[in-house]
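**Student:** This is the structure I have questions about; it appears just below.
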Amino acid sequence: MVTVKCLLVVAAAKGSRQWFAKFASTILDLGFKQSKAYYSLFTRLQGTTFIALLVYVDDILIVSNDMTIGTTLQTFLDQQFKLKDLGSLKYFLDLEVARNSSGISLSQRKYALEILSDTGFLGSKPVKTPMEQHLKLSWNDGSLVEDPTSYRRLVGRLLYLTITRSDITFAVHTLSQYMDSPRLPHLHAAQRVLQYLKNSPGQGYWSGKMVSVKECNQSSFPRCAM
34 MVTVKCLLVV AAAKGSRQWF AKFASTILDL GFKQSKAYYS LFTRLQGTTF
84 IALLVYVDDI LIVSNDMTIG TTLQTFLDQQ FKLKDLGSLK YFLDLEVARN
134 SSGISLSQRK YALEILSDTG FLGSKPVKTP MEQHLKLSWN DGSLVEDPTS
184 YRRLVGRLLY LTITRSDITF AVHTLSQYMD SPRLPHLHAA QRVLQYLKNS
234 PGQGYWSGKM VSVKECNQSS FPRCAM
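Those letters in the sequence shown? Residues 34 to 259, per our numbering, in order.
In C-alpha cells form, the structure reads like this:
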C-alpha cells in the first residue's frame, strides 16, 4: 500500500477537485476501472495480476499481488506527482497491519483500547461472549437513556471496529437498531460488548496469502506550507 501526503495538501489549497480529476484521468488511462460505489477506489485485473489504488484525503494506498507491478505503478506516479516512499504500511485509519513470512494480519487493537479507555471500561471484568445468550431486546422495555448521543457514538465506534472483529458483528448490528431511542437495556448490552473486547482487544484477521503492501508520501516542497 502507498500513502501520499503533501500532494493532496497542495491540491486542496489550489482546488482538490481539479487535481483529483487529473489524477483519475491519469489512472484510468492506465487501464484502471473506477469504482461506482466508492469513486476514490481504482482497480485493475490483468490475467492473474490484481492491483488496487485508493485515494483518501491526502493519502494514496496501493495494494497488489505482484510487487513488480506495484513498484512500476509507484515509479510512474512519482514521475507524475512526486511521491515519497514510506515503505510498508503499518497503520492506516485505525487499522494495524503486520506481516511475516507466513502472511499478513489486520487488527484494530489501538482503536479498541481507545474505546475501552474513553468509556471507562479499560479495567472492567472480561466476559466470554459479546451478548448474553437468549437476550431479547425491545423498543419499549426499560427507561430511555439520558444521553442518547453517547449511545449512538459508542455503537458507531463499535460498528467501525467490526471491520476486523466479525465476532461482535451480530451484537453490534442488533444494538444499532435502537440508535433512535436507546433504552437502558440497550446501553447495558453495548457495555457487555466492551467487556467482551477486554478479553482480546488485538484480535483481528489473518491471511496466509502474501500481498505486496507499500506506503508512499509525496515529497515535501516549499509550496506545501501554503
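Every residue, glycine too, gets a C-beta built ideally from N, C-alpha and C.
1. For residue 137, which of helix, strand or coil comes out of DSSP?
2. For the ligand NAP, is there a heavy atom less than 6 Å away from the beta-carbon of residue 118?
3. Go through its chain and collect everything with a Cβ distance to residue 158's Cβ below 8 Å, but skip five positions before and after it.
4. Under 7 Å between the Cβ atoms of residue 119 and residue 130?
5. With distance defined between alpha-carbon atoms, name the residue in 76, 125, 124, 91 nearest to residue 102.
6. How far does the alpha helix (DSSP H) with residue 95 in it extend, from its first residue to its last?
7. I'd like the ranges of any alpha helix (DSSP H) spanning at least 4 consecutive residues and lying wholly in the stretch 47–91.
8. Whole beta strand (DSSP E) runs in the stretch 217–245 with 3 or more residues, listed along the chain?
9. What is the DSSP secondary structure of residue 151, reduced to helix, strand or coil?
10. Who are the near neighbours of residue 188 in its chain, counting only those whose CB is closer than 7 Å to its CB and skipping five residues on each side?
11. Exposed or buried, what is residue 108 when buried is set at 16 or more other beta-carbons lying within 10 Å of its beta-carbon?
12. Give me, in chain order, the residues of the same chain whose beta-carbon lies closer than 7 Å to that of residue 195; leave out the 5 immediate sequence neighbours on both sides.
13. Could you spell out the range, first to last residue, of the alpha helix (DSSP H) harbouring residue 111?
14. Can you check which of these residues, 60, 65, 126, 149, is closest to residue 225 by C-alpha distance?
15. Going by DSSP in three states, residue 132 sits in which element: helix, strand or coil?
16. Using CA coordinates, which residue listed in 85, 163, 144, 78 is at the minimum distance from residue 199?
17. Determine the burial state of residue 178: buried for a count of at least 16 other Cβ atoms within 10 Å of its Cβ, exposed for fewer.
18. Would you list the residues sitting across from residue 124 in a DSSP beta bridge?
19. Can you tell me where the alpha helix (DSSP H) holding residue 211 begins and where it ends?
20. With DSSP run on the structure shown, which of helix, strand or coil describes residue 177?
21. Alpha carbon to alpha carbon, how far is residue 116 from residue 50?
22. Between which residues of its own chain and residue 185 is the CB-CB distance below 8 Å, once the five residues before and five after are set aside?
23. Does residue 54 pass the burial test, meaning 16 or more other C-beta atoms within 10 Å, or should it be called exposed?
**Tutor:** On the basis of the coordinates in this document:
1. strand
2. Absent from the structure shown: the ligand NAP. Ligands present: none.
3. 228, 231
4. no
5. 76
6. Careful: residue 95 lies outside any alpha helix (DSSP H), inside the beta strand (DSSP E) at 92–97.
7. Runs found: 49–61.
8. Qualifying beta strand (DSSP E) stretches, in chain order: 237–240.
9. Three-state DSSP puts residue 151 in a helix.
10. 205, 208, 209, 212, 223
11. exposed
12. 201, 202, 205
13. 100–114
14. Ranking 60, 65, 126, 149 by Cα distance to residue 225 puts 149 first.
15. strand
16. 163
17. buried
18. 129
19. Counting along the chain, residue 211 falls outside any alpha helix (DSSP H), and DSSP gives it neither H nor E.
20. Residue state, collapsed to three classes: strand.
21. 19 Å
22. 212, 215
23. exposed
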